[in-house]
Amino acid sequence: DAGITQSPRYKITETGRQVTLMCHQTWSHSYMFWYRQDLGHGLRLIYYSAAADITDKGEVPDGYVVSRSKTENFPLTLESATRSQTSVYFCASSENTRDTQYFGPGTRLTVL
Amino acid sequence: LAKTTQPISMDSYEGQEVNITCSHNNIATNDYITWYQQFPSQGPRFIIQGYKTKVTNEVASLFIPADRKSSTLSLPRVSLSDTAVYYCLVGDLNSGGYQKVTFGTGTKLQVIP
């Protein structure tokens, strides 16, 4: 199916563990983004990517790592999860710098 | 950094027109204004985008005064299904990086029967 998907949809992990959230889009959009959403903070940009092998930090990048070896995939890794990283994570993509962003369904991550 | 300020929440009755205003005093020359809608447990969805004056599509209208320091999203004749959080974004990826574009906390619109 065309679109943008995220996996897993729900994840529970423990402090100190490594977790990878997956994002896949079928439109071949150049830009991809990772946001986290917490009560009282709205959506905050973690990392974004302008193309394969090009990534840059957003507003809250600490504790996260991204890669983009293929245009359609943009995984987000929490190298050593902390409780403060409990959040809902959204992936998005867009065709160009000013175009609409299309968001995935989100991943609800709980770090115990 | 073009920070945006919106009301935290608004209530409206079904069938009424709703206007949500966003302040962006530090908007830069190249910045565009974009509005998104988010329902619970879903990702945000694009509503409308504009640079100046007025933009209208099948869902909403966007009014931007000449000084561009604010913008107003207008939803005509809202229904219960318009209950959502509405985000105003200001920025331009071309002018220095997407890290300068932030969603903020949005306006929670509650439509009442």
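Protein chains in written order, with my numbering: chain A, 5 to 116; chain B, 1496 to 1608. Don't be surprised by glycine CBs; every beta carbon is placed ideally from N, CA and C.
Item	Value
Since residue 23 of chain A and residue 40 of chain A are thought to touch, with beta carbons under 8 Å apart, how far apart are those beta carbons, to the nearest angstrom?	Not a contact, Cβ separation roughly 13 Å.
Beta-carbon within less than 7 Å of residue 69 of chain A's beta-carbon, same chain only, minus the 5 sequence neighbours each way: which residues are those?	81 and 83
Closest to residue 1567 of chain B by CA distance: which of B/1523, B/1575 and B/1585 is it?	B/1585
Quick one, which residues of the segment 1565 to 1586 of chain B are near chain A if we go by CB-CB under 8 Å, in chain order?	1582
Helix, strand or coil for residue 1506 of chain B? Go by DSSP, reduced to three states.	strand
Is the beta carbon of residue 1528 of chain B closer than 8 Å to that of residue 1545 of chain B?	yes
Do you know offhand how far residue 1520 of chain B's Cα is from residue 66 of chain A's?	29 Å
Can you give me the Cβ contacts of residue 106 of chain A inside the same chain, cut-off strictly under 8 Å, excluding the 5 residues immediately before and after it?	7, 8, 29, 31, 33, 96, 97 and 98
Compare the Cα-Cα distances from residue 1607 of chain B to each of B/1502, B/1509, B/1498 and B/1500 and report the closest residue.	B/1509
Quick one, which residues of the segment 1498 to 1510 of chain B are near chain A if we go by CB-CB under 8 Å, in chain order?	none
Interface residues of chain B around residue 45 of chain A at Cβ under 8 Å?	1600
Please compile the residues from chain A whose C-beta is within a distance smaller than 7 Å of the C-beta of residue 1545 of chain B.	Those do not exist, as residue 1545 of chain B stays about 11 Å from chain A at its closest Cβ, beyond 7 Å.
Going along the chain, which residues of the segment 1529 to 1556 of chain B sit with their C-beta nearer than 9 Å to a C-beta in chain A?	1529, 1531, 1533, 1536, 1537, 1538, 1539, 1540, 1541 and 1544
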